[in-house]
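Here the structure is laid out as structure tokens; the discussion comes afterwards.
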Ligand SMILES: [Ca+2]
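Numbering (this note's numbering), first residue to last: 1 to 262.
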């Protein structure tokens with residue numbers, strides 16, 4: 001295999017970097033030429049410009065280094081900006097997460113307030129119901145009220161969890177009166193009974209009562225109690241969905257053969 005000297009010589013042009021010259025001098029096509037051709041032929045033919053060639057080569061190398069350094073600097077600056085942008089984006093994301101968390105908390109509070117408001121509206125629609133019983137002898141008469149859920153209120157069971165109703169007043173020595181109050185009576189039927197707990201006088205106690213609510217009052221039919229521990233149904237109080245009250249007197253005076261009303 002042969003190669004023309006001009007082919008290798010053209011690769012040794014002055015504009016070509018020195019490291020390429022070094023590679024070309026080892027090119028397989030150029031190895032059969034003496035070193036005087038590949039390395040220093042130009043400088044021997046032109047001794048007067050040798051110094052200029054050396055300086056140009058050095059300048060070219062410095063320029064390449066400058067370019068590399070500049071490229072590194074540009075890359076470093078770009079990387080720094082990217083890192084700064086990334087840090088800003090991370091901070092913004094953290095702020096956004098905090099805002100979302102606060103928004104969720106506010107939404108939960110709003111829902112809770114809305115539920116309480118709805119409950120208050122429902123309670124406001126419900127009215128109070130008060131039952132008062134009185135007697136004129138020195139006996140001990142007891143008032144009992146059974147709500148629609150079957151809870152029986154009297155002196156021994158004055159209130160129940162989950163109910164706003166309460167047995168408010170008890171008397172053991174007559175004449176006296178007893179009171180049951182529900183501040184927001186739910187719809188349904190309320191059973192009202194009287195019990196002669198202790199008889200101390202000859203005359204039978206005449207027991208009277210009334211039902212009061214925010215729109216008015218109705219008198220409960222009078223009930224006479226004869227025997228100790230006798231329990232009689234006085235009336236059924238019916239409350240509708242709008243808080244209106246009516247009395248069911250169909251069983252008034254009925255003797256209940258048990259100790260309690262329910
Ligand atoms: Ca009593």
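Beta carbons are placed, not taken as given, at the ideal position from N, Cα and C, and that holds for glycine.
These numbers come from a predicted model, not from an experiment.
Heavy atom of ligand 1 within 8 Å of residue i beta-carbon
i	result
residue 236	no
residue 197	yes
residue 113	no
residue 138	no
residue 172	yes
residue 229	no
residue 155	yes
residue 141	yes
residue 209	no
residue 176	yes
Between the CA atoms of residue j and residue i - distance to the nearest angstrom
i	j	result
residue 141	residue 210	16 Å
residue 171	residue 114	43 Å
residue 250	residue 216	21 Å
residue 76	residue 69	10 Å
residue 165	residue 223	24 Å
residue 86	residue 80	10 Å
residue 44	residue 84	At residue 44 the pLDDT is 47, less than 50, meaning the model places this residue with poor confidence and gives no usable figure here.
residue 88	residue 102	21 Å
residue 154	residue 162	17 Å
residue 208	residue 220	7 Å
residue 138	residue 110	57 Å
residue 99	residue 112	20 Å
residue 159	residue 167	7 Å
residue 177	residue 196	13 Å
residue 62	residue 50	19 Å
residue 39	residue 90	Here the model assigns residue 39 a pLDDT of 47, short of 50, so the residue's position is not dependable, and the following value carries that caveat. If you take the alpha carbons of residue 39 and residue 90, they lie about 58 Å apart.
residue 260	residue 204	20 Å
residue 180	residue 134	12 Å
residue 27	residue 92	Below a pLDDT of 50, predicted positions are generally treated as unreliable, and residue 27, at 44, falls in that range; the measurement from the model is reported next regardless. Answer to the nearest angstrom: the Cα atoms are 58 Å apart.
residue 78	residue 104	38 Å
residue 169	residue 108	42 Å
residue 125	residue 96	43 Å
residue 64	residue 56	12 Å
residue 146	residue 262	6 Å
residue 258	residue 106	55 Å
residue 212	residue 129	6 Å
residue 67	residue 60	10 Å
residue 271	residue 182	The structure shown does not extend to residue 271, since the chain is modelled only from 1 to 262, so the question has no answer here.
residue 174	residue 206	11 Å
residue 58	residue 71	20 Å
residue 131	residue 218	10 Å
residue 248	residue 156	26 Å
Host beta strand (DSSP E) of residue i (start-end)
i	result
residue 218	216–224
residue 188	188–198
residue 258	Here residue 258 belongs to no beta strand (DSSP E), and DSSP marks it neither H nor E.
residue 178	176–182
residue 143	140–146
residue 248	245–248
residue 166	166–169
Identified DSSP bridge partners for residue i
i	result
residue 134	177 and 208
residue 229	Bridge partners of residue 229: none, in fact.
residue 157	154
residue 236	191 and 248
residue 54	Partner(s): none; residue 54 has no beta bridge.
residue 129	182 and 213
Subject >> Sufficient close CB pairs (3 or more, under 8 Å) joining the segment 216–230 to the segment 175–188 >> reply: no
Original post:
If you pair each beta-carbon of the segment 141–153 with each one of the segment 106–120, do three or more pairs fall below 8 Å?
Top reply: no
Original post:
Is the segment 236–246 touching the segment 189–201, taking contact as three or more C-beta pairs under 8 Å?
Top reply: yes
Original post:
How about the segment 239–248 and the segment 197–207: do they share at least three Cβ pairs that are nearer than 8 Å?
Top reply: no
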